[in-house]
Amino acid sequence: MRRSSPAARRTALAVGIAALLAAGWWWLHAPAIEHRAVATPPEIDIDPPAMRARREAALALATMPDDPWTFAESLAASAPAAPVKEDCGIAGRPQFTVADGPARTPVQTSGASSRYAAAQARVDAALRASADPLDRAVADLVNVGDMRDESGRNEAFVQQAAVSTDPRLYALAWRMCYSRPSTAPSCGAIGLDRWIQIDADNGVPWLTKLGEAQARGDAAAARTAMSRLASATRFDIYLQAAAGAVAGRAARDDPDLAAVNDLAFKATTVEAGLPLPPFQPLMQACRDRAGGNVDLAQTCRTISDTLFAHSDNLLSQSIGGAVLLQATGDASRRDYIRTERAVARARWSPATGFSECRAMRDSLNALVRTAKVGEVEAMRERARQFVTP
2 MRRSSPAARR TALAVGIAAL LAAGWWWLHA PAIEHRAVAT PPEIDIDPPA
52 MRARREAALA LATMPDDPWT FAESLAASAP AAPVKEDCGI AGRPQFTVAD
102 GPARTPVQTS GASSRYAAAQ ARVDAALRAS ADPLDRAVAD LVNVGDMRDE
152 SGRNEAFVQQ AAVSTDPRLY ALAWRMCYSR PSTAPSCGAI GLDRWIQIDA
202 DNGVPWLTKL GEAQARGDAA AARTAMSRLA SATRFDIYLQ AAAGAVAGRA
252 ARDDPDLAAV NDLAFKATTV EAGLPLPPFQ PLMQACRDRA GGNVDLAQTC
302 RTISDTLFAH SDNLLSQSIG GAVLLQATGD ASRRDYIRTE RAVARARWSP
352 ATGFSECRAM RDSLNALVRT AKVGEVEAMR ERARQFVTP
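Here the sequence shown is numbered in my numbering, starting from 2 and rising by one per residue.
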């Protein structure tokens with residue numbers, strides 16, 4: 002046997018090494034081969050539909066109680082109950098239609114039910130029997146059964162305010178008497194000085210004093226009014242005081258809620274027609290950085306502080322921000338108020354999705370809280386109540 006030459010052996014070794022290197026390169030760099038998963042075969046349904054139906058019927062029969070009536074009762078007990086429509090006296094309201102013509106005047110087509118009328122009469126009696134002078138006067142204001150015309154209603158209300166020391170009642174009578182030429186003779190007994198006397202810490206009556214001083218060009222009186230506004234500890238309009246007095250007479254589950262709600266709405270309508278305090282004289286005094294008067298600008302800032310922190314209504318609080326901006330150019334307080342209102346609107350869902358009865362209950366509760374703690378705090382309470390997740 003002839004031995005291979007050294008050159009041949011070297012050639013064979015080199016070819017072997019090259020083959021191993023090529024195989025290694027292919028192992029590392031060649032594309033992976035995709036292996037598709039084989040789908041699980043579907044279960045074979047060996048039961049025809051008729052057989053399956055008979056088997057399910059047999060299982061139901063085997064699990065049925067011995068007494069078929071017990072079975073029927075158990076089904077009824079587990080079924081969801083039909084929603085019960087709450088009755089809060091809505092059907093007893095008087096009915097109206099809108100007459101044809103440009104005025105579109107509502108025309109009553111049917112009267113209130115006896116139950117509705119009796120419920121409002123009970124509210125009237127409760128208000129008149131109250132120890133609170135505001136309650137007794139509000140009974141005349143809402144005028145259950147419309148026993149008096151508007152002038153007679155106003156006169157009865159103002160008569161009670163004229164002899165009262167209740168600041169809520171007197172402030173409401175002042176607004177009523179000086180909203181327009183009044184038909185109430187007793188308005189002659191309602192005076193601004195008397196209001197200031199019985200509501201000494203309240204800055205609201207001094208807004209009118211400031212306007213009167215500016216109108217007659219009395220600089221000394223205007224300075225006095227500004228000083229008294231700066232020393233006031235609060236700015237209370239007593240918003241919704243009358244409506245809150247009525248709303249407080251509604252029980253939570255009152256079956257005659259609609260009758261109470263309509264009386265509260267009547268009180269709200271009367272109040273809404275009365276003028277609000279004149280804030281323009283204050284804005285006039287503080288505008289353009291108080292005319293360059295440093296002392297006056299500081300007075301305006303002090304008034305702004307109280308308006309912002311101690312107002313029972315949203316309007317006065319907003320004026321607090323505007324006054325500071327006019328007197329100093331500082332917009333931070335105005336911007337804070339705007340932000341707070343925006344947050345409150347975003348968080349508060351006013352009776353969204355409520356039934357009509359629940360919406361009335363929610364509205365009455367809001368009136369009670371506004372009358373008790375003021376519009377600003379009531380807004381904050383409702384915003385906290387309706388915080389969205």
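Backbone N, C-alpha and C define an ideal beta-carbon position, used for all residues, glycine too.
{"Check": "Return helix, strand or coil for P107, following the three-state DSSP convention.", "Outcome": "strand"}
{"Check": "Across the stretch 330–347 and the stretch 205–225, are there enough close Cβ pairs to call them in contact, namely three or more that are closer than 8 Å?", "Outcome": "no"}
{"Check": "With DSSP run on the structure shown, which of helix, strand or coil describes R288?", "Outcome": "helix"}
{"Check": "Where E376 and T106 are concerned, what is the direct C-alpha to C-alpha distance, given to the nearest angstrom?", "Outcome": "32 Å"}
{"Check": "Could you please give the first and the last residue of the uninterrupted alpha helix (DSSP H) stretch that includes V99?", "Outcome": "First-last for V99: 96–99, but that is the beta strand (DSSP E), not the alpha helix (DSSP H)."}
{"Check": "In its own chain, which residues sit with a C-beta less than 8 Å from the C-beta of W196, not counting the 5 before and 5 after it?", "Outcome": "P168, Y171, A172, W175, P206"}
{"Check": "Taking the C-alpha atoms as reference points, what is the distance between R383 and R359?", "Outcome": "15 Å"}
{"Check": "Go ahead and pull the three-state DSSP assignment for N155.", "Outcome": "helix"}
{"Check": "Identify the continuous alpha helix (DSSP H) that holds M227 and give its terminal residues.", "Outcome": "220–232"}
{"Check": "Please state whether DSSP places R235 in a helix, a strand or coil.", "Outcome": "strand"}
{"Check": "Using DSSP bridges, identify the partner residues of S312.", "Outcome": "F236"}
{"Check": "Which residues in the same chain as V344 place their Cβ atom closer than 8 Å to its Cβ, once the five residues preceding and following it in sequence are excluded?", "Outcome": "A384"}
{"Check": "Less than 8 Å separating the beta-carbons of V247 and V139?", "Outcome": "yes"}
{"Check": "Is the beta carbon of A259 less than 8 Å from the beta carbon of A243?", "Outcome": "no"}
{"Check": "Do S319 and A338 come within 8 Å of each other at the CB atom, strictly closer than that value?", "Outcome": "The sequence as given places Ile at residue 338; Ala does not occur at that position. Cβ distance < 8 Å, so I338 and S319 count as in contact."}
{"Check": "For the structure I just gave you, are there three or more beta carbon pairs, one from the stretch 119–129 and one from the stretch 284–300, closer than 8 Å?", "Outcome": "no"}
{"Check": "By Cβ distance, which residues of its chain are closer than 8 Å to R290, with the 5 residues on each side in sequence left out?", "Outcome": "A298, Q327, A328, T329, G330"}
{"Check": "Can you list, in chain order, the residues of its chain with a C-beta nearer than 8 Å to that of A100? Leave out the 5 residues immediately preceding and following it.", "Outcome": "T106, P107, V108"}
{"Check": "Give me the residue from A92, A379, V271 with the minimum Cα distance to G112.", "Outcome": "A92"}
{"Check": "State the beta-bridge partners of N203 as determined by DSSP.", "Outcome": "R235"}
{"Check": "Assign T300 to buried or exposed, taking buried as 16 or more other Cβ atoms, counted over all protein chains shown, within 10 Å of its Cβ.", "Outcome": "buried"}
{"Check": "Drop a sphere of 10 angstroms on the beta-carbon of P42, count the other beta-carbons inside from all chains shown, and report buried for 16 or more, exposed for fewer.", "Outcome": "Any answer about P42 is weak, because its pLDDT of 49 lies below 50 and its placement is not dependable; what the coordinates show is given next. Exposed, by the Cβ-count rule."}
{"Check": "Do D125 and P256 have their CB atoms nearer than 8 Å?", "Outcome": "no"}
{"Check": "Using only the alpha-carbon positions, how far apart do R129 and R154 sit?", "Outcome": "15 Å"}
{"Check": "If you draw a straight line from the C-alpha of D263 to the C-alpha of A214, how long is it?", "Outcome": "41 Å"}
{"Check": "Does L142 pass the burial test, meaning 16 or more other C-beta atoms within 10 Å, or should it be called exposed?", "Outcome": "buried"}
{"Check": "Answer with buried or exposed for W70, where buried requires no fewer than 16 other C-beta atoms within 10 angstroms of its C-beta.", "Outcome": "Summary for W70: the model assigns pLDDT 44, below 50, so the residue's position carries little reliability; its value from the coordinates is reported in the next sentence. By the 10 Å Cβ count, W70 comes out exposed."}
{"Check": "Would you call G293 buried or exposed, if buried means 16 or more other Cβ atoms sit within 10 Å of its Cβ?", "Outcome": "exposed"}
{"Check": "Just tell me which of Q281, R342, I238, S356 has its CA closest to the CA of H311.", "Outcome": "I238"}
{"Check": "To which residues of the same chain is C409 closer than 8 Å at the C-beta, ignoring the five residues directly before and after it?", "Outcome": "Outside the modelled stretch of the chain, which goes from 2 to 390, sits residue 409, for which no answer is possible."}
{"Check": "Out of curiosity, what's the CA-to-CA distance linking D136 and L277?", "Outcome": "22 Å"}
{"Check": "Let me make sure I understand the geometry here. Which of S114, G102, P103 has the alpha-carbon closest to that of Q96?", "Outcome": "S114"}
{"Check": "Compute the Euclidean distance between the alpha carbons of D306 and G321, then round it to the nearest angstrom.", "Outcome": "7 Å"}
{"Check": "Does the beta-carbon distance from A265 to L193 come in below 8 Å?", "Outcome": "no"}
{"Check": "Out of N314, A132, Q386, state which residue places its alpha-carbon closest to the alpha-carbon of R346.", "Outcome": "Q386"}
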